[in-house]
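Below is one structure, written out as structure tokens; the observations come after it.
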Amino acid sequence: MNEGILVVVSGFSGAGKGTLMKRLMDKYDNYALSISATTRSPRQGELDGREYFFRTREEFEGLIQGEQLIEYAEYVGNYYGTPKAYVQEQLKAGKDVILEIEIQGALKVKEKFPDTLLLFVTPPSGQELKNRLETRGTEDPKAIENRLRRAGEEAKGIDGYDYVLVNDDLETCVNVMHHVIQSEHYRIQRNPVFIQNIIRELQSL
Ligand code: 5GP
Numbered sequence: 001m002n003e004g005i006l007v008v009v010s011g012f013s014g015a016g017k018g019t020l021m022k023r024l025m026d027k028y029d030n031y032a033l034s035i036s037a038t039t040r041s042p043r044q045g046e047l048d049g050r051e052y053f054f055r056t057r058e059e060f061e062g063l064i065q066g067e068q069l070i071e072y073a074e075y076v077g078n079y080y081g082t083p084k085a086y087v088q089e090q091l092k093a094g095k096d097v098i099l100e101i102e103i104q105g106a107l108k109v110k111e112k113f114p115d116t117l118l119l120f121v122t123p124p125s126g127q128e129l130k131n132r133l134e135t136r137g138t139e140d141p142k143a144i145e146n147r148l149r150r151a152g153e154e155a156k157g158i159d160g161y162d163y164v165l166v167n168d169d170l171e172t173c174v175n176v177m178h179h180v181i182q183s184e185h186y187r188i189q190r191n192p193v194f195i196q197n198i199i200r201e202l203q204s205l
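Here the sequence shown stands for residues 1 to 205, where the numbers follow my numbering.
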């Protein structure tokens with residue numbers, strides 16, 4: 001069986017990544033969503049082992065030292081990292097594994113595993129991002145300003161990604177994401193064994 005593809009999804013805060021991931025998982029069963037470890041506190045409604053593995057700083061540093069993380073980054077004062085074991089297991093089982101992580105971690109994963117597919121999710125425009133952050137109502141004007149400034153910084157890193165996905169209509173964006181990932185399976189470089197075999201077979205006919 002073919003191994004799955006490692007896929008990183010990043011995007012501006014307010015781009016709707018969470019909803020997008022949830023819909024992708026509900027709609028298709030060939031994906032596995034990696035659950036990260038973090039030192040930040042759970043938000044209301046979040047469960048340990050579902051949204052994140054919530055860990056103390058000491059525990060998290062133990063994971064780093066034990067080389068149990070594929071990557072980790074510090075984001076707004078907290079550690080976030082991707083546990084290695086689950087990702088490896090699921091890829092071997094043929095699942096396409098999705099890491100929903102920020103940009104520094106994304107670029108580290110790409111460096112370590114150049115085959116990784118990097119997707120960047122964005123709202124249709126900067127103004128729309130501002131509107132969404134304002135109507136979400138969870139942030140005060142200062143925090144919104146910070147998030148917009150950070151989005152401006154992150155935008156400079158988009159060049160390192162493979163595809164940009166515009167999240168205007170959720171269903172459309174989920175379908176495009178699914179098709180982009182599935183198309184990757186047919187890339188020549190991802191099918192060396194099949195190609196070698198057919199060349200060898202043709203030579204022996
Ligand atoms: P939040 O605290 O809002 O859940 O997440 C903050 C940021 O951390 C988001 O951009 C999210 O994508 C990112 N993030 C979540 N898990 C990981 C991880 O394992 N590694 C890295 N590098 N970033 C992560």
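Backbone N, C-alpha and C define an ideal beta-carbon position, used for all residues, glycine too.
None of these values were measured; they are calculated from a predicted model.
Item: Apply the 10 Å Cβ neighbour rule to V8 and answer buried if 16 or more other Cβ atoms are within range, or exposed otherwise.; Value: buried
Item: Just the C-alpha distance for K142 and G16, rounded to the nearest angstrom, thanks.; Value: 20 Å
Item: Give me the residue from K27, Q44, A106 and P83 with the minimum Cα distance to E59.; Value: P83
Item: For a test of your reading of the model: does the CB of T82 fall under 6 Å from any non-hydrogen atom of the ligand 5GP? Yes or no.; Value: yes
Item: By a C-beta neighbour count over all protein chains shown, 10 Å radius and 16 as the cutoff for buried, is F12 buried or exposed?; Value: buried
Item: Spatial neighbours of I158 within its chain, please: CB distance less than 7 Å, with the 5 preceding and 5 following residues excluded, ordered by chain position.; Value: F120 and V164
Item: Considering only residues of the stretch 126 to 173, which uninterrupted alpha helix (DSSP H) runs meet the minimum length of 4 residues and lie entirely inside it, listed in chain order?; Value: 126 to 136 and 141 to 155
Item: Quick one: give me the first and last residue of the beta strand (DSSP E) that I36 is part of.; Value: Strictly speaking, residue 36 in this sequence is Ser, with Ile absent from that position. From DSSP, the beta strand (DSSP E) with S36 extends over S36 to T38.
Item: Given a cut-off of 7 Å, decide if M177 and E100 are closer than it, judged by their beta-carbon atoms.; Value: no
Item: Please classify E59: does DSSP put it in a helix, a strand, or coil?; Value: helix
Item: How would you write the range of the beta strand (DSSP E) that P42 sits in, first residue to last?; Value: Neither: P42 is in no beta strand (DSSP E) and is coded neither H nor E.
Item: Assuming T56 contacts T39 (C-beta within less than 8 Å), just tell me the rounded distance between them.; Value: 7 Å
Item: Is there at least one non-hydrogen atom of the ligand 5GP closer than 6 Å to the beta-carbon of S36?; Value: yes
Item: DSSP has E100 in a bridge; who is on the other side?; Value: V9
Item: According to DSSP, is V76 helix, strand or coil?; Value: coil
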